[in-house]
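Numbering (my numbering), first residue to last: 2 to 130.
Cβ atoms here follow ideal geometry from the backbone N, Cα and C, with glycine treated the same way.
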Amino acid sequence: MKFALFLGCNIPARLTQYESSARAVLENLDVELVDIKEFNCCGYPLRNINFKASILASARNLALSEKENLPVLILCKCGFGMLKHAAYILEEDATLRNEINTTLKKEGLEYKEGVEIKHLLSVLYHDVG
């Protein structure tokens with residue numbers, strides 16, 4: 002199994018032991034993790050301030066993962082919820098999806114839908130067993 006590892010903002014800054022533990026466990030279980038340096042904040046802190054900016058932040062991360070043709074593995078519950086929420090919103094709202102993709106296009110990215118978004122616990126329980 003191979004995943005793009007999305008750490009979000011809090012884990013590298015405040016929960017480094019969670020990251021190192023997760024990496025060690027997943028390595029031991031033969032789960033390959035790919036670090037995408039261009040990942041940004043999931044947008045969760047912006048959700049009540051600027052809805053479109055929060056969706057754009059998540060869509061950018063999903064587009065980066067799609068570009069690598071990898072599902073996303075997330076350690077943070079807020080990041081997981083935000084990326085899932087953004088994927089749902091963009092699936093339902095073609096106008097917003099087109100607007101977001103216009104912005105992403107400036108970086109050579111596109112959100113196409115369908116990237117698999119998984120939380121660490123789900124991977125451990127459902128995929129690794």
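Could you spell out where the beta strand (DSSP E) holding residue i opens and where it closes?
i: H127; result: Premise fails: H127 is in no beta strand (DSSP E) and is neither H nor E.
Going by DSSP in three states, residue i sits in which element: helix, strand or coil?
i: I56; result: helix
i: E28; result: helix
i: L34; result: strand
i: I75; result: strand
i: K68; result: helix
i: I90; result: helix
i: F7; result: strand
i: K119; result: strand
Are residue i and residue j closer than 8 angstroms when you measure CB to CB?
i: H120; j: I75; result: yes
i: D31; j: L6; result: no
i: G44; j: A58; result: yes
i: E33; j: M2; result: yes
i: L63; j: L97; result: no
With respect to the alpha helix (DSSP H) encompassing residue i, which residues constitute its N-terminal and C-terminal limits?
i: K106; result: A95 to K106
i: I12; result: N11 to R15
Leaving out five residues before and five after residue i in sequence, what residues of the same chain have Cβ atoms less than 7 angstroms from its Cβ?
i: A60; result: A87, L91, I101, L105 and Y112
i: E69; result: A5, V35 and I37
What residues in its chain sit with their C-beta under 8 angstroms from that of residue i, if we drop five residues either side in the sequence?
i: E20; result: L8, I12, P13 and L76
Sorted by chain position, which residues of the same chain lie with C-beta nearer than 6 angstroms to residue i's C-beta, five sequence neighbours on each side aside?
i: C10; result: C42
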